[in-house]
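J.: Heads up: the sequence shown begins at 85 in the working numbering, then just goes up one per residue. Before I ask anything, here is the structure I am working with.
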Amino acid sequence: MVERFSYSSLETYKKCPSQFRFRYIDKVVKPDEGIEAFMGKRVHEALEYLYDEILEGRLTFIDGVIEKYHQVWEENWHDRIAIVRKENTVKYYYELGERCIALFYRTYRPFDQPVVGTEVEFVFSVDGTKDYMMKGIADRIDHDGKGNYEIHDYKSGKRMMSQRDADKDSQLATYQIGLQDKYDGVEEVKLVWHYLQHAQEVHSQRNSNQINQLVRQIKLRIDEIREHIQNGDSFYPKESILCNWCYYWEECPKKDMPNPYM
Ligand code: SF4
Numbered sequence: 085m086v087e088r089f090s091y092s093s094l095e096t097y098k099k100c101p102s103q104f105r106f107r108y109i110d111k112v113v114k115p116d117e118g119i120e121a122f123m124g125k126r127v128h129e130a131l132e133y134l135y136d137e138i139l140e141g142r143l144t145f146i147d148g149v150i151e152k153y154h155q156v157w158e159e160n161w162h163d164r165i166a167i168v169r170k171e172n173t174v175k176y177y178y179e180l181g182e183r184c185i186a187l188f189y190r191t192y193r194p195f196d197q198p199v200v201g202t203e204v205e206f207v208f209s210v211d212g213t214k215d216y217m218m219k220g221i222a223d224r225i226d227h228d229g230k231g232n233y234e235i236h237d238y239k240s241g242k243r244m245m246s247q248r249d250a251d252k253d254s255q256l257a258t259y260q261i262g263l264q265d266k267y268d269g270v271e272e273v274k275l276v277w278h279y280l281q282h283a284q285e286v287h288s289q290r291n292s293n294q295i296n297q298l299v300r301q302i303k304l305r306i307d308e309i310r311e312h313i314q315n316g317d318s319f320y321p322k323e324s325i326l327c328n329w330c331y332y333w334e335e336c337p338k339k340d341m342p343n344p345y346m
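Structure (structure tokens):
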């Protein structure tokens, strides 16, 4: 039984119900990961280190942040990291992460943003009951001390989200539900995506009607998943281009060999 959902688990269900089953119900753990995700995690850790130091009253020079990136890259590297885009090399991704950090550092120095936390975890109910519990981790939360909050998300991928897509995106809007549950006196919440390869931000906001609509959508999806589990229904495999990044080819009824990209 799945007690607690997350934005990622609900998205996985939407993209491929079978993958959801393998990951969140059968809890099949795979050591594999794509190099883009691996690099993104290391960049997140380096930026987390930068702001955690600032919260402690210390400003780390850019060399220190890059050094942290090198350190976490080496500490976490393993032999099940896949490069799906064969035209790129490990060196390419390693240097791309360095460039993302350097660009971010140059853009935001002297780091006077009102950051109150990095990797902030929310565990919350979307409707105030224990039936619809969610969890999520925001990359960064800023707060001006007057009830105006910002939820920041770092993206290390190349493709930027359009304003139209940002206004419809439900990841940070889901975190907004968690933020409003966690903190008192929330006046306004801004959603901010950082496209690190381009040093560009995309902003959006949600009003209370949009948040209520999102709550209804989340509850409907959770109900649907629970109904499938209770009825013993199969979670059907939904093939798409995303199969290339899926680690469950050995379990998937639509595939008859291990994922060749892994
Ligand atoms: S390989 Fe494709 S269809 Fe099969 S579980 Fe993964 S995403 Fe779903």
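Positions of the beta carbon are idealized from the N, C-alpha and C atoms, including for glycine. Treat the numbers as computed from the prediction; the structure is a model and nothing was measured.
Once DSSP output is grouped into helix, strand and coil, what is the label at VAL118?
T.: First, the residue type needs correcting, since residue 118 is Gly and not Val in the sequence shown. In this structure, GLY118 counts as strand in the three-state DSSP scheme.
J.: Taking 8 Å as the cut-off, is the CB of TRP277 close to at least one heavy atom of the ligand SF4?
T.: Result no, Cβ not under 8 Å from the ligand SF4.
J.: When you get a sec, list the residues whose CB is within less than 6 Å of any heavy atom of the ligand SF4, chain order please.
T.: This selection yields CYS100, SER102, GLN103, PRO321, LYS322, GLU323, LEU326, CYS327, CYS330, TYR332, TRP333, CYS336, LYS338 and LYS339.
J.: Along the chain, which unbroken stretches of the beta strand (DSSP E) at least 3 residues long are found entirely within the segment 180-219?
T.: Complete beta strand (DSSP E) runs here, min 3: 199-209.
J.: Could you tell me which residues DSSP pairs with ASN232 in its beta bridges?
T.: Beta-bridge pairing links ASN232 to GLU272.
J.: For ARG142, which of helix, strand or coil comes out of DSSP?
T.: Reduced to three states, the DSSP call for ARG142 is coil.
J.: How would you write the range of the beta strand (DSSP E) that VAL286 sits in, first residue to last?
T.: Here the beta strand (DSSP E) through VAL286 covers 284-288.
J.: Who are PHE89's beta bridge partners in DSSP?
T.: PHE89 is bridged to MET218.
J.: Just to confirm, are MET244 and TYR279 a CB contact at a threshold of 9 Å?
T.: Yes.
J.: If you check the beta carbons only, do GLN255 and TYR91 fall under 9 Å apart?
T.: Yes, the pair counts as a contact, with Cβ atoms nearer than the cut-off.
J.: Apart from the five residues just before and just after ALA257, which ones in its own chain have a Cβ nearer than 6 Å to its Cβ?
T.: So the qualifying residues of the chain are ARG290 and LEU298.
J.: Skipping 5 residues on each side, what residues in its chain have a beta carbon closer than 7 Å to that of TYR259?
T.: PHE206, GLY220, ALA222 and ILE235, listed in sequence order.
J.: Exposed or buried, what is ARG105 when buried is set at 16 or more other beta-carbons lying within 10 Å of its beta-carbon?
T.: By the neighbour-count rule (16 or more Cβ atoms within 10 Å), ARG105 is buried.
J.: State the beta-bridge partners of ASP237 as determined by DSSP.
T.: ASP237 pairs with TRP277.
J.: Report the three-state DSSP secondary structure of ASP226 (helix, strand or coil).
T.: Correct three-state label for ASP226: strand.
J.: Assuming ARG126 contacts TYR108 under a Cβ cut-off of 8 Å, what Cβ separation, rounded to an integer in Å, is found between them?
T.: Not quite, the Cβ-Cβ distance comes to about 25 Å (not below 8 Å), so this is no contact.
J.: When we look at the beta-carbon of HIS128 and count the other beta-carbons within 10 Å, is it buried (16 or more) or exposed?
T.: Its Cβ being crowded by 16 or more others within 10 Å, HIS128 is buried.
J.: With the cut-off set at 9 Å, would you say GLU323 and CYS100 are in Cβ contact?
T.: In contact: GLU323 and CYS100 (Cβ atoms closer than 9 Å).
J.: To the nearest angstrom, how far is it from the Cα of ASP237 to the Cα of TRP277?
T.: Looking at the two C-alpha atoms, the distance is approximately 5 Å.
J.: Determine the contact status of PHE208 and ILE261, defining contact as a CB-CB distance below 9 Å.
T.: Yes, the pair counts as a contact, with Cβ atoms nearer than the cut-off.
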